[in-house]
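Enquirer: Starting off with a structure, shown below.
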Amino acid sequence: MKQSKLAASAIVGLISLSLAACGSGGESGGKAEQVVFKLAVSQPQEHPQYQAGLELGKRLEEATDDRYSVQVYGNETLGTSAEVIQNLSNGTVDFAWIGGANVESLNQDFVVYNLPFVFDSREAQLAVLNDDELNTELFTSLEDSKSITVLGGANAGQRSIYNAIRPIRTPDDLKGLKIRVQQSDSQVRMLQLLGGIPSPMSFGEVYSALQTGVLDGAENNEPSYNAMKHDEVAKYYSYTRHLMIPDFLLMSTQTLDKMDETDRDALLAIIPDITQKASDDFVPYVNESIERSKALGAQFNDDVDTAAFKARVAPMVEEYMGANDLRAKYYEATQQANQDNPA
């Protein structure tokens, strides 16, 4: 946040505390009513990001003497990702876990972290996401234009392709298949290069589209495949492992600025533990999801020519990461992290 915002927020906090001190009285001591923030998640209650949201509420209550808490809304209860982003911007939603491709639509420089095959390992991705010095400019880049602050990023597994027609082993196997992708230009371009027909669509609409044949398949991680019951209508899950897109914890900058400085600092101090929890809990959640899908008859195949898929998208990666010096810097950081944290 800009220094002027911090100063203004601190003044507001001091005035509020003064008014509270003058107006408090009675046997109750005049304790202010707890402020409960809304946190939106597109995933169900069992998902690590939902559970991390609950932990955020618990930790925030402890750190602020119950002045603040968090209520988590799952399964797109507060709207699609696009709708939630708009509500974050206008301050009617306070927090949200949002996929990197959707954040990219707000600032194209986020694309580097969403490129196919850009991260070799979970550890490499987390090393980059947790580098505050590297990401400060990027994570605060939406504050003036959208009134959204990026608090941090979490690992959301690797994404592969699943469909109702056949196993996917080479790019040729994707020919003619309509595959749902996230609503971003880079994801559309990626799927075209991989050999399929990209169909951008809200996550909550995918099941019915698969069921009715509007879609042949989608690309996502194993927990989403199982939790959203896509394994009921698309039995072939093929380990292309083409993406390791982070999910970001976003906050309304309006909400953040309304907090007094002490409580705001307490919140920000909690965030690294929350994003780490979401990342760590994702690992066992993947294994549990695979077993549940297998019990429903889903077939997982790992005999995929990953090198062929990677070669298809190499020109796209080079084009996107070379668009400006900032993207080149982020891409260089991903490649260094890959060397330091090999798969």
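Per mature numbering (1 follows the signal peptide of the UniProt record, and there is no 0), the sequence shown runs over residues -20 to -1, 1 to 323. For each residue, glycine too, the CB sits at the ideal point set by N, CA and C.
1. When the distance is taken between beta carbons, is D285 closer than 8 angstroms to R139?
2. Are Q29 and D227 close, meaning C-beta to C-beta below 8 angstroms?
3. Measuring alpha carbon to alpha carbon, tell me which of V16, K38, K11 and L86 ends up nearest L230.
4. Closer than 6 angstroms by C-beta to A323: which residues in its own chain qualify, once you throw out the five before and the five after it? Chain order, please.
5. Taking 6 angstroms as the limit between beta carbons, can you name the residues of its chain near L306, skipping five residues before and five after?
6. For E199 versus I251, is the C-beta spacing smaller than 8 angstroms?
7. Considering just the uninterrupted stretch of the alpha helix (DSSP H) at P295, what are its terminal residues?
8. Would you call the stretch 71 to 85 and the stretch 274 to 284 touching, i.e. three or more CB-CB distances under 8 angstroms?
9. Let me know if N82 comes out buried or exposed under the rule of 16 or more other beta-carbons within 10 Å of its beta-carbon.
10. Compare the beta carbon distance of H27 and A275 with 8 angstroms and say whether it is the shorter of the two.
11. Looking only at DSSP bridge pairs, what is N143 linked to?
12. What would DSSP say about S61, mapped onto helix, strand or coil?
13. Kindly identify the DSSP beta-bridge partner or partners of F75.
14. Rounded to whole angstroms, what's the CA-CA distance from L68 to S232? Just pull it up for me.
15. Determine the contact status of P151 and V168, defining contact as a CB-CB distance below 8 angstroms.
16. Which one of S204, V293 and H222 has the shortest CA to CA distance from N267?
17. Assuming N201 and G137 are in contact, meaning their beta carbons sit under 8 angstroms apart, how far apart are those beta carbons, in whole angstroms?
18. Check G133 in the structure and name its three-state DSSP category.
19. According to the neighbour-count rule (16 or more other Cβ atoms, all chains shown, within 10 Å of its Cβ), is I128 buried or exposed?
20. Rounded C-beta distance between Y216 and R146? I'm assuming under 8 angstroms.
21. Where does F119 sit, in a helix, a strand or coil, going by DSSP?
22. Hey, V161 and V297 are a contact pair by Cβ (cut 8 angstroms); roughly how many whole angstroms apart?
23. Of the choices K18, R272 and Q234, whose alpha-carbon is the least far from that of E123?
24. Counting only the same chain and skipping the five closest in sequence on each side, list residues whose C-beta sits under 7 angstroms from that of N321.
25. Whose CA, out of Q256, E299 and L247, lies closest to the CA of E42?
26. Please state whether DSSP places I251 in a helix, a strand or coil.
27. Comparing alpha-carbon positions, which option in V64, Q14 and L19 lies nearest D46?
28. Going by C-alpha distance, which of Y93, S273 and S259 is nearest Q315?
29. My assumption, with CB atoms under 8 angstroms, is that M301 sits in contact with A291. Please give the rounded CB distance.
30. Find out if the Cβ-Cβ distance for the pair V52, L34 is shorter than 8 angstroms.
Expert: Considering the structure as presented:
1. Within the sequence shown, the letter at position 159 stands for residue 139. Within the sequence shown, the letter at position 305 stands for residue 285. No, they are not a contact pair.
2. Counted from its first residue, the sequence shown places residue 29 at position 49. Counted from its first residue, the sequence shown places residue 227 at position 247. In contact: Q29 and D227 (Cβ atoms closer than 8 angstroms).
3. The residue labelled residue 230 in the question sits at position 250 within the sequence shown. Residue L86 is the option with its Cα nearest to L230.
4. Locating residue 323 in the sequence shown gives position 343, counting from the first residue. Excluding positions up to five away in sequence, the list reads D100 and S101.
5. In the sequence shown, residue 306 corresponds to position 326, counting from 1. Closer than 6 angstroms at the Cβ level, and outside the excluded window around L306, lie D89.
6. Against the sequence shown, residue 199 aligns to sequence position 219. Against the sequence shown, residue 251 aligns to sequence position 271. It is not a contact, given that the beta carbons lie outside the stated cut-off.
7. In the sequence shown, residue 295 corresponds to position 315, counting from 1. T286 to M301 is the span of the alpha helix (DSSP H), which, as asked, contains P295.
8. no
9. Numbered from its first residue, the sequence shown carries residue 82 at position 102. Buried, because 16 or more other Cβ atoms sit within 10 Å of the Cβ of N82.
10. Start at 1 with the first residue of the sequence shown, and residue 27 comes out as number 47. Start at 1 with the first residue of the sequence shown, and residue 275 comes out as number 295. In this structure, A275 does not lie closer than 8 angstroms to H27 by Cβ.
11. Your numbering for residue 143 matches position 163 in the sequence shown. Bridge partners of N143: G197 and Y216.
12. Stepping through the sequence shown from its first residue, residue 61 is reached at position 81. The answer is helix: DSSP assigns S61 an H, G or I state.
13. Counting from 1 along the sequence shown, the entry for residue 75 is found at position 95. Its beta-bridge partners are L19 and M231.
14. Walking along the sequence shown from the start, residue 68 turns up at place 88. Walking along the sequence shown from the start, residue 232 turns up at place 252. Each residue's Cα considered, the two are about 5 angstroms apart.
15. What you label residue 151 is simply residue 171 of the sequence shown in a count that begins at 1. What you label residue 168 is simply residue 188 of the sequence shown in a count that begins at 1. Contact flag unset, no.
16. Residue mapping note: residue 267 aligns to position 287 of the sequence shown, counting from 1. The candidate whose alpha carbon is nearest that of N267 is S204.
17. Walking along the sequence shown from the start, residue 201 turns up at place 221. Walking along the sequence shown from the start, residue 137 turns up at place 157. Between G137 and N201 the Cβ distance is about 4 angstroms, and since that is below 8 angstroms, they are a contact.
18. The count along the sequence shown starts at 1 and reaches residue 133 at position 153. DSSP places G133 in strand when its eight states are reduced to three.
19. Within the sequence shown, residue 128 is the residue found at index 148, counting from 1. Buried, because 16 or more other Cβ atoms sit within 10 Å of the Cβ of I128.
20. Position 236 of the sequence shown, counted from the start, is the residue given in the question as residue 216. Position 166 of the sequence shown, counted from the start, is the residue given in the question as residue 146. Contact flag correct, Cβ pair sits at about 6 angstroms.
21. What you label residue 119 is simply residue 139 of the sequence shown in a count that begins at 1. Reduced to three states, the DSSP call for F119 is helix.
22. Within the sequence shown, residue 161 is the residue found at index 181, counting from 1. Within the sequence shown, residue 297 is the residue found at index 317, counting from 1. With 8 angstroms as the limit, V161 and V297 do not qualify as a contact, their Cβ atoms being about 16 angstroms apart.
23. For this step, residue 123 is matched to residue 143 along the sequence shown. Ranking K18, R272 and Q234 by Cα distance to E123 puts Q234 first.
24. As a position in the sequence shown, residue 321 is number 341, starting the count at 1. Excluding sequence neighbours, N321 sits near S101, E103, A104 and A107.
25. In the sequence shown, residue 42 corresponds to position 62, counting from 1. That would be L247, whose Cα lies nearest to the Cα of E42.
26. On the sequence shown, position 271 is the one that residue 251 refers to. Three-state DSSP puts I251 in a helix.
27. Mapped onto the sequence shown, residue 46 falls at position 66. For D46, the nearest C-alpha among the options comes from Q14.
28. Translated into the one-based positions of the sequence shown, residue 315 becomes position 335. The option with the nearest alpha carbon to Q315 is Y93.
29. Translated into positions along the sequence shown, residue 301 becomes position 321. Translated into positions along the sequence shown, residue 291 becomes position 311. Wrong, their Cβ atoms sit about 16 angstroms apart, outside the cutoff.
30. Sequence index remark: in the sequence shown, residue 52 carries index 72 (1-based). Sequence index remark: in the sequence shown, residue 34 carries index 54 (1-based). Yes. Within cutoff.
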